[in-house]
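J.: When we follow the numbering used here, the leftmost residue of the sequence shown carries the number 55, and every step to the right adds one.
What follows is a structure written as structure tokens; I'll ask about it next.
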Amino acid sequence: MERQFTLYTVRGGVWIIVYLMFILAPLFALMAGSWPPARGFWTEFSVALGYSGLAMMGLQFGLTARFRFVTEPWGEDVIYHFHRQISQIAVGLVIAHMLILFVVQPDLLALRNIVEAPWSARLAVVAVAALVALIVMALWRVKLNINYETWHLTHILLAVLAIAAGIVHMVGSGFYLTTPWKRALWIGLTIFWVGLLFYVRLVKPLFIMRRPYRVSDVREERGDTWTLVMRPEGHSGFRFGPGQFGWLTLWGSPFKITGHPFSFSSSAAAADGRAEMTIKNLGDFTSAIQKVPMGRCVYVDGPYGTFTIGNPADMHVLIAGGIGVTPMMSMIRTLADRGDKRPVILIYGSRDWDSITFREDLEALKAQLNLTVVHVLANPPTDWTGEQGFITTELFKRHLPPPYAEHEYFICGPDVMMDAIEKVLQELGVPLSKYHSERYSFV
């Protein structure tokens, strides 16, 4: 495991260097070779910001391409959160590029008249407008009442429009593209970005289509939750680690724009290639899970994520909130199938006693491994004598044996809960390397 951690660290470092090279390549190109006439520091600085912002936006296609050898060192959720943050930085650079030019060259304000402006200026306006719309819809999707599928399609279209308009604007304003090799650099980058999009939307779906699954059961669970049981059709399936997740395409083919990420809830030790996903009805796409007919052909792209057991530890401590118990269930079932004798403590926060997903399964699993389940209820019944309210430092001390830093912790649930748990672990002196969080908000 230590060797694997070292390998991931090296690979992570290599990919960071590669990413920076792509971002900085346009800036190096500005400084190399013959220079056009100088135009002043702030003008040149704004151009550098614009080039860097455009390079960052183009690489966003790569960050969301789900290349497993790229995402493994960090995990898919970390990559997507980085994608979201770096998108905001890229948009900020592009807007700063425009504002600085307006300040140092006030005559450019006349180009705001999009009807009379040259086509390169018009495309600049289109690119900025698309970027602003893209960020606004991503940050306030829920408040704007935009469903996930509509947002995802619009997000892709706006991103393609913004980058295409930005590239054509850059060519039209080609102050720094006067030499053949500089033009070749940007042509190469453009081909690379188009290639990434082609891979994500055409090549990858073809591979997924060749490995379909069939729904063999739809099992009702507590808490308005349903388990989708899928068996590989014409292939042996894939091996996943307990706690990992996959992208499910339930209605339609893998060429459909939107897939949905769900954790596997079944044991990773299953020999028949079966995969199960347990999905709570949240009123959107998830409301249709209970209506999926037997024999339905579905597609699963996976496995992904680094949220999985494996590190040597004296004890596994699993902290779940609501449907965040799904990856924990995969871990517990896998440990039971492997005959692992190490103690496992599940601290499980739920709304009330009747809504505890997997309640009976967890009780049955206590006979197969050294499992302790601590239920924490927000609305306990009147005769409840267990834990209630929030998961706190005192609760940890009541149920976990010291030294706390020797255990391995896994946290999955609502963001507010996860943030609070991470602070509790810091108070207990647990090093960052000993706890793992899984967050599924990829928007």
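From the three backbone atoms N, C-alpha and C, an ideal C-beta is built for every residue, glycine too.
Give the range of the alpha helix (DSSP H) segment to which residue 200 is assigned.
T.: Bounds of any alpha helix (DSSP H) do not take in residue 200, whose DSSP letter is neither H nor E.
J.: By the DSSP assignment, the beta strand (DSSP E) with residue 308 in it spans what residues?
T.: Looking at the DSSP string, residue 308 is not in any beta strand (DSSP E), and its letter there is neither H nor E.
J.: So the candidates are 380, 308, 212; which of them puts its Cα closest to the Cα of residue 281?
T.: 380
J.: Within this structure, are the beta carbons of residue 368 and residue 490 separated by less than 8 angstroms?
T.: Inclusion of residue 368 and residue 490 in the CB contact set at 8 angstroms is not warranted, their separation being larger than that value.
J.: Could you name the residues that DSSP lists as bridge partners for residue 373?
T.: Residue pairing from DSSP places residue 373 in a beta bridge opposite 401, 465.
J.: Tell me the start and end of each unbroken beta strand (DSSP E) in the segment 402–484 that is at least 3 residues and wholly inside, in chain order.
T.: 425–431, 462–466
J.: Which term fits residue 296, buried or exposed, when burial requires 16 or more other beta carbons within 10 angstroms of its beta carbon?
T.: buried
J.: Locate the beta strand (DSSP E) running through residue 257, then write down its first and last residues.
T.: Looking at the DSSP string, residue 257 is not in any beta strand (DSSP E), and its letter there is neither H nor E.
J.: Return the chain-ordered list of same chain residues with a C-beta closer than 6 angstroms to the C-beta of residue 15, the five sequence neighbours on each side being excluded.
T.: Given a span of 55 to 497 for the chain in the structure shown, any question on residue 15 remains unanswerable.
J.: Do you know how far the Cα of residue 421 is from the Cα of residue 429?
T.: 18 angstroms
J.: Take the Cβ of residue 411 as the centre, count every other Cβ of all protein chains shown within 10 Å, and call the residue buried at 16 or more, exposed below.
T.: buried
J.: Use the C-beta contact count for residue 59: other C-beta atoms within 10 angstroms, 16 or more gives buried, fewer gives exposed.
T.: For residue 59, the pLDDT reaches just 45, beneath the cut-off of 50, and the residue's location in the model is therefore unreliable, leaving the point undetermined.
J.: Could you give the distance in angstroms between the alpha-carbon of residue 214 and the alpha-carbon of residue 267?
T.: 32 angstroms
J.: Assign residue 492 to one of three DSSP states: helix, strand, or coil.
T.: strand
J.: Are at least three pairs of beta-carbons, each pair with one atom in the segment 170–180 and one in the segment 200–214, less than 8 angstroms apart?
T.: no
J.: What does residue 300 pair with, by DSSP beta-bridge criteria?
T.: 316
J.: Only counting the same chain, and skipping five residues up and downstream in sequence, which positions put a Cβ closer than 7 angstroms to that of residue 423?
T.: 389, 390, 394, 398
J.: Look at the alpha carbon of residue 210 and the alpha carbon of residue 333, and state the distance between them as a whole number of angstroms.
T.: 26 angstroms
J.: When the Cα of residue 400 is compared with those of 408, 378, 438, 406, which residue comes out closest?
T.: Checking every option, the nearest Cα to that of residue 400 belongs to 378.
J.: Could you check the C-alpha separation between residue 144 and residue 241 for me, to the nearest Å?
T.: CA-CA distance, residue 144 to residue 241, rounds to 20 angstroms.
J.: Going by Cα to Cα distance, which pick from 317, 307, 288, 285 is closest to residue 300?
T.: Closest by alpha carbon: 317.
J.: Could you tell me the distance, in whole angstroms, from the CA atom of residue 286 to the CA atom of residue 328?
T.: About 7 angstroms.
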